[in-house]
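Residue numbers (our numbering): 9 to 172.
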């Protein structure tokens, strides 16, 4: 039976290495998606001090409900709304899946949620300050939900001993 335990340890070690190899390119891709440089205008930021106030939504679900209402009126394409929701959910699913393999900090739902929340706040603030997006609390909520979905997939893949 000792051979079986060794197989599990080897599988867990392999998943930790594989996760680290996949997580780094994922973070690079995430930064590319979150900070599309063709839209960033950091150099113009100081010329428009009102920009931060106008591009910040701190009321949960305000923008999402507004877009749904516009879709129902036919003023906003439903495909654009679905794409926006899907992207913000999907972008943090790999984070929730791979972080538990890489760090002990990702092995509990609370710790993982805190790291996703912190990363999301960092990205949203960066988008606002670099003027390549807005700070939207709806996006933060979707990011955390995406991270939790990824964590759920991690848990479905096996117990903490085998990791897969």
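Note that beta-carbon positions come from the ideal geometry of N, C-alpha and C, so glycine has one too.
Please read these numbers as outputs of a predicted model, since none were measured by experiment.
Pairwise C-alpha distance: residue j and residue i
i	j	result
residue 99	residue 154	7 Å
residue 15	residue 23	12 Å
residue 101	residue 160	9 Å
residue 35	residue 114	16 Å
residue 168	residue 103	Only weak support exists for where residue 168 lies, its pLDDT of 47 falling under 50; the coordinates are left without a value.
residue 91	residue 20	35 Å
residue 163	residue 137	36 Å
residue 31	residue 139	26 Å
For residue i, the nearest candidate out of the options (CA to CA)
i	options	result
residue 150	125, 133, 119	125
residue 144	31, 137, 71	71
residue 59	142, 156, 163	142
residue 131	116, 120, 148	148
residue 146	108, 158, 37, 89	89
residue 111	82, 25, 40	25
residue 96	165, 156, 81	156
residue 165	109, 119, 128, 123	109
Counterpart residues of residue i in DSSP-defined beta bridges
i	result
residue 182	The chain is shown from 9 up to 172; residue 182 falls before or after that span and cannot be answered.
Classification of residue i by the beta-carbon crowding that lies within 10 angstroms, buried from 16 upward
i	result
residue 27	buried
residue 65	buried
residue 135	buried
residue 105	buried
residue 158	buried
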